[in-house]
Each structure stands twice: as structure tokens, then as C-alpha cells.
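Notes follow once the structure below has been shown.
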Amino acid sequence: MAMGVEKWCKLAISRNNSIPSSVIRHRNLLHNGPDTVEELLERHIVKKEKSYDDEEDEILARRRLTSTRREALSLYRDILRATRFFVWPDSRGFLWRDVLRENARREFEEARFEKDPEVITRLLIGGRDAVQDALDKLVAKHKQQMEQDRDRP
């Protein structure tokens with residue numbers, strides 16, 4: 240397009256010498272810009288260079304993701320291990336072990352795509368507390384049952 244304008248300017252100068260050359264030069268200078276929108280954007284948009292800090296932030300984010308992923312997997316394995324002790328059936332006839340495993344799987348799937356680190360941390364802490372509470376109650380109930388069995392003749 241710039242080439243087309245130059246040709247027209249030269250043609251106008253050769254045909255009509257009444258147009259001052261300063262006007263032609265001014266027009267030419269105005270059009271010494273980009274020919275397409277892409278070129279315009281390329282020239283005027285500031286490109287963000289990747290700095291060392293950005294790479295460090297990316298590495299830290301990956302580490303954080305990896306550590307929370309590792310913690311979540313660890314929690315899930317702990318839940319599966321803890322459910323081994325729940326071998327009695329519920330009112331519907333399903334083993335509590337299977338019910339607890341299904342619920343844990345459902346909750347992990349619901350939180351699978353959570354991105355907020357604060358929410359993820361809360362979920363992990365809440366899960367750990369729930370597993371610990373369930374095991375504490377199981378141990379207390381087991382002790383109570385053993386005392387009752389010991390008291391019987």
C-alpha cells in the first residue's frame with residue numbers, strides 16, 4: 240500500500256507541478272506507517288519479555304501445584320487405608336468401607352479443578368481432620384466394646 244501511495248504522488252508531481260513538493264513529502268511521511276492492522280499492533284504493543292522473576296514464579300507455582308497434588312494424593316491414600324477398618328454394614332446393607340470410599344471419591348472429583356490455593360489448603364486440612372476424627376471415634380468405640388466384652392462373664 241505504501242508503494243501505491245508513492246506511485247500516485249510521483250504521478251501527481253509529474254502531471255501537475257502546481258502541488259508543492261512539501262505537501263507531497265508530508266503525505267509521504269504520514270503514510271510511512273504500517274500497511275496492515277497486524278503491523279500496527281506489532282509496532283505499538285509492548286511485548287512482555289520473559290524475565291528471570293517470571294521463570295521463578297512459574298517454578299514456584301509448579302512446586303506449589305506439585306506439593307498440593309502430592310498432599311491430596313496422600314490424603315486420598317490415607318482415607319482408603321482408614322476405610323479398611325469400617326467392615327460392618329449400614330442400614331441398607333452396604334459396607335461402611337464402600338460408602339466412605341465412594342463419598343471420598345466424589346468429594347475429590349468435585350474439587351478436582353479447584354485453582355484457588357487457599358480453598359485447596361482448606362479442603363486438605365478439613366479432609367485430614369475428618370480422617371483423624373473418624374479414626375479417633377473408631378478407636379474409642381473399639382475400646383468401649385473391648386471393656387464391655389471384658390466385663391461379661
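Note that the sequence shown covers residues 240 to 392 in the numbering used here. A virtual CB, placed ideally from N, CA and C, is assigned to each residue, including glycine.
Check, Outcome
"Run through the stretch 289 to 363 for me and flag every whole alpha helix (DSSP H) of 4 or more residues, listed as ranges in chain order.", "291 to 322, 335 to 349"
"Which value, in whole angstroms, describes the spacing of the CA atoms of R331 and E341?", "15 Å"
"Could you check what DSSP says for R367 in three-state terms: helix, strand or coil?", "helix"
"On a CA-only basis, which of L339, A369, D296 is nearest F325? Give me that one, please.", "L339"
"Does the contact criterion of 3 or more C-beta pairs under 8 Å hold for the stretch 371 to 381 versus the stretch 340 to 355?", "no"
"Is L314 buried or exposed, if buried means 16 or more other CB atoms sit within 10 Å of its CB?", "buried"
"Just checking my contact of I318 with V370 at CB under 8 Å: how many whole Å lie between their CB atoms?", "6 Å"
"Taking just the CA atoms, how far does R323 sit from E386?", "23 Å"
"Taking just the CA atoms, how far does L362 sit from D372?", "15 Å"
"Give me, in chain order, the residues of the same chain whose beta-carbon lies closer than 7 Å to that of D329; leave out the 5 immediate sequence neighbours on both sides.", "W335, V338"
"Return the Cβ separation of A321 and L374 in integer angstroms, given the expectation that the two are a contact with Cβ distance under 8 Å.", "6 Å"
"How big is the Cα-Cα spacing for K354 and R367?", "19 Å"
"Rounded to whole angstroms, what is the Cα-Cα separation between D293 and R309?", "24 Å"
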